[in-house]
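Chemist:
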Amino acid sequence: MLLQYPEETLSLKSVQELPADMSGSYQLTNVEAQRVMAVLDELIEDLDFAFCLNPQTLSEIQDVSQLVGHENERSFSMQLELEKRFRELVQNMEKPVSEFVSDPDQAQQDEAVQEFFDVARRLRKNTREICRFLRKNPSLRTKLRGLHQESSPYVDKFIRVMKGLREQTLRSLSTSVEEDKAEKENFENVSVREKTLAEQERMLTKDLATVKRDREKAVRARDNQIATLEAEKEELQEMTAKAGKAVGEGNSAADRQAHAKEVEALTAKLKEVTTELEKIKQENLEKEESMKKRSYKKETDVEAWILKYDQEMETLNEEMTALREQYSAEKARMRRLENHFEAFRLIEGAQYAMEVMQSANELEKAAKAKRLNDAALLIQNCLRGHKGREVFLKTKKKGGKKGGGKKKK
Numbered sequence: 037m038l039l040q041y042p043e044e045t046l047s048l049k050s051v052q053e054l055p056a057d058m059s060g061s062y063q064l065t066n067v068e069a070q071r072v073m074a075v076l077d078e079l080i081e082d083l084d085f086a087f088c089l090n091p092q093t094l095s096e097i098q099d100v101s102q103l104v105g106h107e108n109e110r111s112f113s114m115q116l117e118l119e120k121r122f123r124e125l126v127q128n129m130e131k132p133v134s135e136f137v138s139d140p141d142q143a144q145q146d147e148a149v150q151e152f153f154d155v156a157r158r159l160r161k162n163t164r165e166i167c168r169f170l171r172k173n174p175s176l177r178t179k180l181r182g183l184h185q186e187s188s189p190y191v192d193k194f195i196r197v198m199k200g201l202r203e204q205t206l207r208s209l210s211t212s213v214e215e216d217k218a219e220k221e222n223f224e225n226v227s228v229r230e231k232t233l234a235e236q237e238r239m240l241t242k243d244l245a246t247v248k249r250d251r252e253k254a255v256r257a258r259d260n261q262i263a264t265l266e267a268e269k270e271e272l273q274e275m276t277a278k279a280g281k282a283v284g285e286g287n288s289a290a291d292r293q294a295h296a297k298e299v300e301a302l303t304a305k306l307k308e309v310t311t312e313l314e315k316i317k318q319e320n321l322e323k324e325e326s327m328k329k330r331s332y333k334k335e336t337d338v339e340a341w342i343l344k345y346d347q348e349m350e351t352l353n354e355e356m357t358a359l360r361e362q363y364s365a366e367k368a369r370m371r372r373l374e375n376h377f378e379a380f381r382l383i384e385g386a387q388y389a390m391e392v393m394q395s396a397n398e399l400e401k402a403a404k405a406k407r408l409n410d411a412a413l414l415i416q417n418c419l420r421g422h423k424g425r426e427v428f429l430k431t432k433k434k435g436g437k438k439g440g441g442k443k444k445k
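Quick note on numbering: the sequence shown equals residues 37 to 445 in the working numbering.
(1) Consult DSSP for ASN353 and reduce its assignment to one of helix, strand or coil.
(2) Could you check if ASP346 is buried or exposed, using at least 16 other CB atoms within 10 Å of its CB as the buried criterion?
(3) Looking at ASP410: is its Cβ nearer than 8 Å to the Cβ of LEU373?
(4) I need the DSSP call for ASN446, collapsed to helix, strand or coil.
(5) Do MET370 and ALA402 have their C-beta atoms within less than 8 Å of each other?
(6) Need the endpoints of the alpha helix (DSSP H) that ASN447 sits in, please.
(7) Are the segment 298-312 and the segment 252-268 touching by the rule of at least three beta carbon pairs closer than 8 Å?
(8) Using 8 Å as the threshold, is the C-beta distance between ARG158 and LEU118 below it?
(9) Count the C-beta pairs between the segment 325-345 and the segment 413-433 that are closer than 8 Å, then say yes if the count reaches three, no if not.
(10) Would you tell me roughly how many angstroms separate the C-alpha atoms of GLU366 and MET390, rounded to the nearest one?
(11) In three-state terms, what does DSSP make of PHE428?
(12) Could you tell me the alpha carbon to alpha carbon distance between LYS193 and LEU201, rounded to whole angstroms?
(13) From ASN375 to GLU355, what does the alpha carbon distance come to, in whole angstroms?
(14) Using 8 Å as the limit for Cβ to Cβ distance, is VAL155 near chain D?
(15) If I'm right that PHE122 touches VAL155 with Cβ under 8 Å, what's the distance once you round it to whole angstroms?
(16) From SER331 to TRP341, what does the alpha carbon distance come to, in whole angstroms?
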């Protein structure tokens with residue numbers, strides 16, 4: 037058929053000379069990969085049909101009409117004639133076929149070249165029709181494949197290359213699907229983290245607003261007190277001025293002196309209240325810093341105690357393991373002693389052996405009681421440690437919410 041070109045046409049040269057944008061560096065999209073896979077599947081199937089229906093197979097068929105039917109006999113007979121004529125034209129060409137394929141409409145081409153292109157076109161068209169017929173009749177393809185026992189090594193090589201291209205396209209499609217899945221999971225993780233951080237920001241903003249509102253309320257109370265004192269001062273000044281005018285010039289000096297004293301007293305009182313306010317603010321700041329330091333110190337101490345507790349628990353666990361191993365060794369030793377004294381009892385007497393067995397049982401009971409006591413002590417320590425840790429985490433969580441709001445201010 038048309039696929040049986042000379043030897044050099046079945047090489048990988050055409051695959052190796054692909055342009056740079058079609059090499060391995062180009063990443064196919066999912067749609068492109070699916071389209072390429074569909075084209076390769078159809079091409080491999082057509083190649084399978086074509087390789088099953090070579091000239092040798094057609095020449096071996098005695099009665100074509102009995103195999104394919106009278107209505108399709110003409111296509112198969114024409115296929116054999118066209119392939120024969122195509123091989124003759126290829127052998128008679130003075131130069132390689134590739135030089136004519138690039139420009140089939142050139143006016144200077146001779147009649148042989150024009151006939152070559154005409155035969156090639158008719159052969160391709162007839163090959164497509166036969167492939168469609170074989171695709172609709174799979175049983176006929178099986179019979180033709182049974183007639184064609186051995187395949188050309190170039191045919192096998194070409195099919196392997198096509199299957200390799202299909203596998204490469206499938207890997208590209210699988211890789212892009214996995215990348216899309218990873219990007220989707222990453223986006224979901226980032227979205228969850230963003231929601232968590234937004235919720236934390238909202239809580240901190242709420243705590244900050246509460247603390248700021250309390251501070252502003254205290255400042256407004258002090259400002260109101262100062263404004264009240266200033267209003268009283270102005271009122272007293274007005275009353276003093278009016279009283280001075282009413283009394284007259286005779287006692288104006290005494291009134292002015294009394295007024296000045298009262299003004300000085302009120303000014304001193306205002307200054308004292310202002311100083312007290314600043315002092316209270318400074319004390320509050322110092323108390324806040326001191327409480328922060330104490331909180332940090334207590335948290336550090338608690339973490340140190342937790343670490344120490346964990347280390348002690350690990351040590352006790354190792355000791356318990358060692359005691360368990362020692363108990364197992366003693367138990368094995370007691371079994372050996374029991375066997376030894378059992379033989380000794382048979383030789384020396386039953387009374388001495390019974391005493392030894394009683395002593396061994398007492399030792400075993402003592403070891404078992406010690407192991408149970410150690411295990412009970414370890415379990416109690418673990419439970420106390422877990423309860424203490426839960427209390428500490430609850431206390432730390434409550435303290436963290438209060439401390440977080442103050443730091444923001």
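All C-beta atoms in this analysis are idealised placements derived from N, C-alpha and C, irrespective of residue type, glycine included.
Just so we're clear, the structure is a prediction, and the values are computed from it rather than from any experiment.
Modeler: In terms of the structure at hand:
(1) In the structure shown, ASN353 sits in a helix (DSSP, three-state: H, G or I).
(2) Classification for ASP346: exposed.
(3) LEU373 sits away from ASP410, with the two beta carbons spaced by 8 Å or more.
(4) As shown, the chain starts at 37 and ends at 445. That puts residue 446 outside it, with no answer to give.
(5) Cβ distance not < 8 Å, so MET370 and ALA402 don't count as in contact.
(6) One cannot answer for residue 447 here, as it falls past the ends of the chain, which runs 37 to 445.
(7) Yes: at least three Cβ pairs fall under 8 Å.
(8) Judged by their CB atoms, ARG158 and LEU118 are nearer to each other than the 8 Å cut-off.
(9) Under the 8 Å Cβ criterion, the segment 325-345 counts as touching the segment 413-433, having at least three qualifying pairs.
(10) Their Cα atoms are separated by approximately 19 Å.
(11) If DSSP states are grouped into helix, strand and coil, PHE428 belongs with the helices.
(12) Going by the C-alpha atoms only, they are around 12 Å apart.
(13) The straight-line gap from Cα to Cα measures roughly 30 Å.
(14) Of the chains in the structure shown, none is chain D; there is only one protein chain.
(15) Taking 8 Å as the upper bound for CB-CB distance, PHE122 and VAL155 are in contact here, some 5 Å apart.
(16) So the alpha carbons of these two residues sit roughly 15 Å apart.
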